[in-house]
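Working notes, beginning with the structure itself.
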Amino acid sequence: MNTGIKIAVFIDRLLPLALKRAAARGFSRLAYGLLHKHKLIAVHNLSRSFPEKSLKEILQIIKDSYASFAQLFVEFPQLLYLNRDNISDWVTVKGLEHYEKACRGGKGVLLFSAHFGNWEMGNAALALLSTPPTFMARKLDSPFLESFTTYARNRLGIGKLDKEHAMRLVLGLLRKGEPLLLLIDQNVAA
61 MNTGIKIAVF
71 IDRLLPLALK
81 RAAARGFSRL
91 AYGLLHKHKL
101 IAVHNLSRSF
111 PEKSLKEILQ
121 IIKDSYASFA
131 QLFVEFPQLL
141 YLNRDNISDW
151 VTVKGLEHYE
161 KACRGGKGVL
171 LFSAHFGNWE
181 MGNAALALLS
191 TPPTFMARKL
201 DSPFLESFTT
211 YARNRLGIGK
221 LDKEHAMRLV
231 LGLLRKGEPL
241 LLLIDQNVAA
């Protein structure tokens, strides 16, 4: 664990989760008010996806999305403290037997999810309770965040494929019978 991550973990442990969540809500409102370019992209995309929704409804979805992402941001460091005994405090798992049966099938497993709710806790639950998945994503713009997220996920056995030129690696994972998680709301063309 590098020094930057150690400092971030130290600060994270000082602050109660309720305070971090409250700060995240405030930050999400600030981001919603300041990040006009991203908001316009979201309005455009949601209006195309949900033509029956009013602009007011679309804007509320965007506000809620900002709040959800901010909460994920402050909850993510909890992955460093998760284990089989406390994962149920964060995630309710139903139907795990279907995932396990698919993993035992030896043909590889494709999981489809989205950036909805705290998808990182879902990955953690699979990793702690069954077979850790590998997921495909792009490298984060921030080297610190890339290092931190990689450290937290690797601690749980969760693998990551960089989406650039990943097709051969994807096919290799599936041939070995391993689970691959795709976040389908992102462009992950390889």
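Counted the way the working numbering counts, the sequence shown spans residues 61 to 250. Glycine included, C-beta positions come from ideal geometry on N, C-alpha and C.
Delimiting residues of the alpha helix (DSSP H) encompassing residue i
i: ALA174; result: Counting along the chain, ALA174 falls outside any alpha helix (DSSP H), and DSSP gives it neither H nor E.
i: PRO251; result: In the structure as shown, the chain begins at 61 and stops at 250. Residue 251 is therefore absent and cannot be evaluated.
i: LEU119; result: 115 to 135
i: ASP53; result: The chain is shown only over 61 to 250; residue 53 falls outside these bounds and no answer can be derived.
i: LYS167; result: No alpha helix (DSSP H) contains LYS167, which DSSP labels as neither H nor E.
i: SER88; result: 77 to 94
i: GLY232; result: 227 to 235
The beta strand (DSSP E) enclosing residue i, as first and last residue numbers
i: ALA162; result: First-last for ALA162: 156 to 164, but that is the alpha helix (DSSP H), not the beta strand (DSSP E).
Own chain residues within Cβ distance below 6 angstroms of residue i, not counting five before or after
i: TRP179; result: SER173
i: TYR126; result: SER88, ALA91 and TYR92
i: GLY64; result: PHE204
i: TRP150; result: MET181
i: PHE208; result: ILE65
7 angstroms Cβ shell around residue i - same chain, five flanking residues per side excluded
i: LYS123; result: TYR92
i: VAL248; result: With a pLDDT of 48 at VAL248, under the threshold of 50, the predicted position of this residue should be treated as unreliable, though the coordinate-derived value follows. Answer for VAL248: MET196, LYS223 and LEU242, listed in chain order.
i: LEU233; result: GLY168, THR194 and LEU240
i: GLY86; result: none
Nearest neighbour of residue i, chosen from the options [CA to CA]
i: THR152; options: LYS99, GLN131, GLY168 and GLY177; result: GLY177
i: PHE136; options: LEU216, LEU156, VAL103 and LYS199; result: LEU216
i: LEU229; options: PHE208, PRO203 and PHE195; result: PHE195
i: ALA78; options: ILE147, LEU243, LEU132 and VAL103; result: LEU132
i: LYS223; options: ASN105, ILE244, ILE121 and ASN143; result: ILE244
i: ALA184; options: ILE147, GLY168, GLY166 and LEU234; result: ILE147
i: LEU100; options: ILE118, GLY86 and LYS113; result: ILE118
i: ASN62; options: LEU231, LEU74 and LEU205; result: LEU205
i: VAL130; options: VAL103, TRP150, HIS175 and ALA226; result: Strictly speaking, residue 130 in this sequence is Ala, with Val absent from that position. Among VAL103, TRP150, HIS175 and ALA226, the Cα nearest to that of ALA130 belongs to HIS175.
i: VAL169; options: GLY182, ILE65 and GLU238; result: GLU238
i: ARG198; options: ASN105, ASP149, GLY219 and HIS98; result: GLY219
i: LEU156; options: ASN143, LEU186, LEU171 and HIS104; result: LEU186
Residue i - partner residues in DSSP beta bridges
i: MET196; result: LEU221 and LEU242
Close beta carbons around residue i, own chain, < 8 angstroms, minus the five adjacent residues each side
i: VAL134; result: LEU77, LYS80, ARG81, ALA83 and ALA84
i: ARG235; result: GLY168
i: ALA250; result: Bear in mind that a pLDDT of 46 at ALA250, under 50, signals an unreliable position, so the number given afterwards is only what the model happens to contain. These residues qualify, in order along the chain: MET196, LYS223, GLU224, HIS225, ALA226, MET227 and VAL230.
Looking at C-beta atoms only, is the number of pairs between the region 187 to 197 and the region 151 to 161 that lie closer than 8 angstroms three or more?
yes
At least three beta-carbon pairs within less than 8 angstroms, the region 62 to 80 to the region 101 to 111
Contact between the region 62 to 80 and the region 101 to 111 is absent, with fewer than three C-beta pairs closer than 8 angstroms.
Between the region 139 to 147 and the region 208 to 227, are three or more C-beta pairs nearer than 8 angstroms?
The region 139 to 147 is in contact with the region 208 to 227.
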